[in-house]
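Q: Could you have a look at this structure, given as structure tokens, before my questions?
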Amino acid sequence: MTKKIVVPGEKITSDDKFLPGEGTMKQGKDIKALRFGLYEENGRLVKVIPLSGIFMPRRGNVVIGKVMDITFNGWIIDIDAPYQSFLPLSECPRYVNKRDLQDYLDIGDMVVAKISGVKSKGVDLSVLSRGLGKIESGITIRTNSNKVPRIIGKEGSMINLIKKETNTEITVGQNGIIWLKGDNIEDELFAKKAILFVSEKSFVEGLTEKVEEFLKKNKPKKISKK
Amino acid sequence: MDVTNLTKKRIKEYLSEGKRFDGRKPLDYRDIEIETGISKNSEGSARVRLGKTEVIVGVKLDVGEPYTDSPDEGVMITSCELTPLSSERFEYGPPKIEAIELGRLVDRGIRESGFIDWKKLCIKKGEKIWVLFLDIYTINDDGDLLDAACFAALAALFDAKFPKYDEKLEKVVYGEFTTKKLPLSKIVPLTFTFHKIGDEIVLDPTRQEEDSADTRITLSLSKDKDVAINSCQKGGEKDFTKKEMIDILAKAFKKYEESDELIKKLKK
Amino acid sequence: MKRHDGRKENEMREIKAEVGVVPNANGSAIFKFGDTVAIAAVYGPHPLHPQHLQDPRKGILRCNYDMTSFSVTERKRPGPSRRSQEISKVSEWSLLPVLKLEEFPNTVVDLHIVIIQANASTRCAGINAASLALAQAGVPMTGLVGAVSVGKLDRDIVVDVDKKEEDFDKGEGATDIAMAFTAEGEITLLQLDGKIQEDKMKEALEAGEKACMEIIEIQKKALKSIKK
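These protein sequence lines map, in sequence, to chains U, W and E. The opening residue of the first sequence carries number 148 in our numbering; numbering runs sequentially from there. The opening residue of the second sequence carries number 566 in our numbering; numbering runs sequentially from there. The opening residue of the third sequence carries number 12 in our numbering; numbering runs sequentially from there.
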């Protein structure tokens with residue numbers, strides 16, 4: 148089903164069996180779009196999924212961010228969100244020394260973290276679980292956070308396809324920042340191209356076939372074997 | 566979000582193999598798009614796109630008094646606005662040093678070359694001359710704003726025509742134009758800014774590449790009887806070795822020799 | 012009555028609207044009324060510094076309108092003027108009624124409008140571009156906003172005033188009215204200069220509302236035909 152694009156204020160339905168979900172509002176008998184995006188029905192719930200715009204942080208999201216500043220007890224991290232986020236020392240593995248915060252994460256470093264809480268003044272992060280922490284090598288790219296579900300695909304099908312064909316490890320931050328790590332830069336750039344391809348063609352039908360075709364056609368001559 | 570330490574590292578590694586993320590060679594430009602006449606109210610105007618970087622330049626002419634030490638020459642005043650529209654890096658407010666330097670570099674490259682015949686901008690010696698305003702605005706910053714601004718300035722100057730001048734009232738009739746073009750010579754100034762990233766020298770960096778660079782040097786060249794450097798400025802916090810400098814000079818002169826197509830494009 | 016360019020009284024100039032023209036921005040658009048060209052770019056919602064400007068109940072909208080020096084025939088000195096500051100503020104007020112910024116307390120949505128070429132109605136072109144840019148930036152909006160200038164030339168009401176008409180000096184001369192409407196017909200911008208009677212004012216508001224509804228349809232099309 149091709150989803151329909153709606154603009155703010157556009158009437159979606161006046162059928163009273165539906166309930167206004169995220170990105171919509173009720174006005175009298177009508178449910179109208181509150182944002183520019185794709186409208187979808189989820190049982191009785193009508194939602195508008197934004198096509199573009201800034202990432203809205205939610206507790207539990209795994210995000211990738213850049214260290215902007217170091218305070219006496221933690222790091223200020225930019226996660227491309229309306230709020231600044233903070234990673235406190237208390238949410239880091241015990242071996243990190245209070246005196247040498249810089250040694251663990253320096254300004255300009257990238258980190259994979261989980262959002263432990265969202266307050267009106269900021270976002271709290273944690274790196275206490277597996278798979279979280281400083282990114283040591285590879286590249287990071289910025290994509291539209293609204294395209295992340297498409298980039299990941301149903302049960303990870305899209306991202307796994309790209310991982311396999313480009314031979315790279317890929318960690319997708321819910322905030323649209325993606326970490327690519329391959330054996331060489333060529334592989335990483337190939338993965339980047341593939342991800343941007345998905346992001347640009349995100350609401351085309353039969354995207355998986357198109358991506359497979361793209362990956363076959365554009366494979367760099369020298370792909371390292373794992 | 567500015568470039569990360571991680572990506573900077575990869576950019577330098579890749580460059581050491583002579584390669585860039587977008588597949589270009591170190592001295593290749595991105596796709597250049599030039600459009601003139603973007604404001605009908607200006608005496609001349611142009612928009613240049615270098616990849617995703619976009620800069621617009623307008624030429625406005627007015628009359629005024631000459632400087633006392635050059636009573637029979639026209640005057641050029643260049644300004645640059647690094648607009649907050651073009652990037653989150655730029656704040657609203659009076660021009661900061663980055664904008665001031667960019668404007669001055671664009672100005673110097675043109676002024677010193679002999680491209681504009683200043684004497685032909687004289688109306689009445691010691692009393693009245695043409696004042697040429699060159700105003701630069703950035704629309705999208707993806708690196709190399711300076712070189713894009715220089716190309717746009719040239720295209721705008723090639724495009725420019727004199728406004729109508731009322732000789733009795735000694736004033737410009739705003740909004741009415743003649744078909745007379747500016748007094749431009751065959752000496753066309755081109756500006757090349759070379760950036761040092763790690764140990765490699767590149768032209769036309771993207772924003773990420775430019776933020777990964779340690780230092781840069783801007784050279785404006787033009788050809789009269791032979792090709793010569795008209796202005797030069799090193800910027801940035803680190804240094805160049807003598808060897809690197811000599812290498813850059815060679816690259817600059819070579820680039821100028823290869824720029825006939827570009828000059829044709831700028832003339833429209 | 013005959014307008015100098017042959018347009019009918021309720022006819023606007025050729026309108027062009029395109030979304031996504033400034034890649035760095037979260038949302039952006041270009042809007043043209045004939046020769047009047049405005050670009051708008053939105054960054055945010057993002058953290059607002061300094062802290063004392065933050066509003067704990069909702070995000071704020073910060074608008075900056077500027078004209079390039081060469082957008083007009085007599086060069087405008089670069090930098091803000093009292094006029095541009097006032098237009099920045101009324102533009103902000105024209106868009107706030109449709110924005111739902113309670114979801115983003117303590118943040119700011121930065122809106123930048125630049126006029127590239129001016130042939131009157133610049134603030135209206137700017138607001139139209141801004142409405143598109145805000146939508147693309149994903150800011151929650153109860154609807155789009157359309158803005159247009161309505162003129163009274165002697166005793167005739169015309170829609171989308173250009174520079175020549177601004178300078179009309181026969182009879183009662185020119186009264187220039189800038190107005191903006193939401194899709195529900197609510198007025199979010201109203202400014203005028205000149206001399207206009209009550210019945211003519213009502214006529215102007217009717218004509219303006221109709222034109223703004225047309226503009227909102229054009230904005231809708233522009234958003235729906237976005238390439239990415």
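No residue lacks a Cβ here, since even glycine has one placed at the ideal position from N, Cα and C.
In chain order, what residues of the segment 80-93 of chain E put their CB closer than 8 Å to some CB of chain W?
A: Of all residues in the segment 80-93 of chain E, Ser80, Phe81, Ser82, Val83, Thr84, Glu85, Arg86, Pro89, Gly90 have a Cβ within less than 8 Å of some Cβ in chain W.
Q: Whole-angstrom Cβ separation of Asp779 (chain W) and Lys803 (chain W), contact assumed at under 8 Å?
A: Yes, Asp779 (chain W) and Lys803 (chain W) are in contact; Cβ-Cβ is about 4 Å, under 8 Å.
Q: Could you check if Val147 (chain U) is buried or exposed, using at least 16 other CB atoms within 10 Å of its CB as the buried criterion?
A: The structure shown does not extend to residue 147 (chain U), since chain U spans only 148 to 373, so no value can be given for it.
Q: Using a Cβ-Cβ distance under 8 Å, would Arg772 (chain W) count as near chain U?
A: It does not: the Cβ of Arg772 (chain W) has no partner Cβ on chain U nearer than 8 Å.
Q: Use the C-beta contact count for Leu650 (chain W): other C-beta atoms within 10 angstroms, 16 or more gives buried, fewer gives exposed.
A: Label assigned to Leu650 (chain W): buried.
Q: Could you tell me which residues DSSP pairs with Glu316 (chain U) in its beta bridges?
A: Per DSSP, U:Lys328.
Q: Closer than 8 Å is the cut-off here; do at least three beta carbon pairs connect the segment 615-630 of chain W with the segment 689-700 of chain W?
A: With a cut-off of 8 Å, the segment 689-700 of chain W and the segment 615-630 of chain W count as touching, because enough Cβ pairs lie within range.
Q: For the segment 742-773 of chain W, which residues have a CB atom closer than 8 Å to at least one CB atom of chain U, in sequence order?
A: Those residues of the segment 742-773 of chain W that come within reach of chain U (Cβ to Cβ, closer than 8 Å) do not exist; the list is empty.
Q: Just mark Leu580 (chain W) as buried or exposed, buried being the case when its beta carbon has 16 or more other beta carbons within 10 Å.
A: By the 10 Å Cβ count, Leu580 (chain W) comes out buried.
Q: Output yes if chain W places a C-beta closer than 8 Å to the C-beta of Lys213 (chain U); else output no.
A: Cβ-Cβ to chain W under 8 Å: yes for Lys213 (chain U).
Q: With distance defined between alpha-carbon atoms, name the residue in U:Lys310, U:Ile309, U:Thr287, U:Thr171 nearest to Gly323 (chain U).
A: Selected option, being the one with the closest Cα: U:Thr287.
Q: Return yes when the Cβ of Ile188 (chain E) is within less than 8 Å of the Cβ of Leu203 (chain E), no when it is not.
A: Against a cut-off of 8 Å, the Cβ pair of Ile188 (chain E) and Leu203 (chain E) comes out as a contact.
Q: Which residues mark the beginning and the end of the beta strand (DSSP E) in which Cys239 (chain U) is found?
A: That residue, Cys239 (chain U), is in no beta strand (DSSP E); it is neither H nor E in DSSP.
Q: Quick one: what does DSSP say Asp706 (chain W) is sitting in, helix, strand or coil?
A: Looking at Asp706 (chain W) - three-state DSSP - the assignment turns out to be coil, as it is neither helix nor strand.
Q: Would you say Leu353 (chain U) reaches chain E, if we count a Cβ-Cβ gap shorter than 8 Å as a contact?
A: Before going on, a small fix: residue 353 (chain U) reads as Gly here, not Leu. Not closer than 8 Å to any Cβ of chain E, the Cβ of Gly353 (chain U) fails to qualify, so no.
Q: Drop a sphere of 10 angstroms on the beta-carbon of Pro659 (chain W), count the other beta-carbons inside from all chains shown, and report buried for 16 or more, exposed for fewer.
A: Pro659 (chain W) is exposed by the Cβ-count criterion.
Q: Should Gln230 (chain E) go down as buried or exposed, given a rule of 16 or more other Cβ atoms within 10 Å for buried?
A: By the neighbour-count rule (16 or more Cβ atoms within 10 Å), Gln230 (chain E) is buried.
Q: Counting pairs of Cβ atoms below 8 Å between the segment 342-353 of chain U and the segment 704-723 of chain W, do you hit three or more?
A: No contact exists between the segment 342-353 of chain U and the segment 704-723 of chain W.
Q: Kindly say whether Phe680 (chain W), judged by its beta-carbon, lies nearer than 8 Å to any beta-carbon of chain U.
A: Phe680 (chain W) does not count as touching chain U.
Q: Decide if Pro240 (chain U) is buried, meaning its Cβ has at least 16 other Cβ atoms within 10 Å, or exposed.
A: Pro240 (chain U) is exposed by the Cβ-count criterion.
Q: Using the three-state DSSP reduction, which class does Tyr739 (chain W) fall into: helix, strand or coil?
A: If DSSP states are grouped into helix, strand and coil, Tyr739 (chain W) belongs with the strands.
Q: Based on Cα-Cα distance, which residue from E:Gly205, E:Asn139, E:Thr153, E:Leu143 lies nearest to Gly162 (chain E)?
A: Cα-wise, what sits closest to Gly162 (chain E) is E:Gly205.
Q: Decide if Ile681 (chain W) is buried, meaning its Cβ has at least 16 other Cβ atoms within 10 Å, or exposed.
A: Buried, by the Cβ-count rule.
Q: The alpha helix (DSSP H) with Leu248 (chain U) in it runs from where to where?
A: Run containing Leu248 (chain U): 248-251, per the alpha helix (DSSP H) assignment.
Q: What does Asn117 (chain E) touch in chain U if you count any residue whose Cβ is under 9 Å from its own?
A: Residues of chain U passing the Cβ test: Pro229, Tyr230, Ser267, Lys268, Gly269.
Q: Spell out the partners DSSP gives Met78 (chain E) in its beta bridges.
A: According to DSSP, Met78 (chain E) bridges with E:Ile126.
Q: Per DSSP, Glu195 (chain E) is paired with what?
A: Partner(s): none; Glu195 (chain E) has no beta bridge.
Q: Check whether the segment 41-59 of chain E touches the segment 131-138 of chain E, counting contact only when three or more Cβ pairs, one atom from each stretch, lie closer than 8 Å.
A: Flag = yes, the segment 41-59 of chain E and the segment 131-138 of chain E touch.
Q: Roughly how many angstroms separate the alpha carbons of Pro151 (chain E) and Lys111 (chain E), rounded to a whole number?
A: So the two alpha carbons sit approximately 5 Å from each other.
Q: Mind checking Asp825 (chain W): buried by the 16 CB within 10 Å criterion, or exposed?
A: Under this definition Asp825 (chain W) is an exposed residue.
Q: Would you list the one or two residues that DSSP bridges to Gly629 (chain W)?
A: In DSSP, Gly629 (chain W) forms a bridge with W:Ile694.
Q: Leaving out five residues on either side along the sequence, give the residues of the same chain with a beta carbon under 6 Å from the beta carbon of Glu741 (chain W).
A: Closer than 6 Å at Cβ, skipping near neighbours: Lys729.
Q: Give a yes or no on contact between the segment 168-187 of chain U and the segment 197-212 of chain U, applying the rule of three or more CB pairs nearer than 8 Å.
A: Cβ pair count under 8 Å is three or more, so yes.
Q: Rounding to the nearest angstrom, what Cα-Cα distance links Ile178 (chain U) and Pro155 (chain U) in this structure?
A: Approximately 11 Å, taken between the alpha carbons.
Q: Mind checking the segment 133-149 of chain E against chain U and listing, in chain order, the residues whose C-beta falls within less than 8 Å of any C-beta there?
A: Per Cβ criterion, the list reads Ala146, Gln147, Ala148, Gly149.
Q: Against chain E, does Tyr821 (chain W) count as a neighbour if the rule is that its beta carbon must be under 8 Å from one of theirs?
A: No, Tyr821 (chain W) lies away from the interface with chain E (no Cβ there is under 8 Å from its Cβ).
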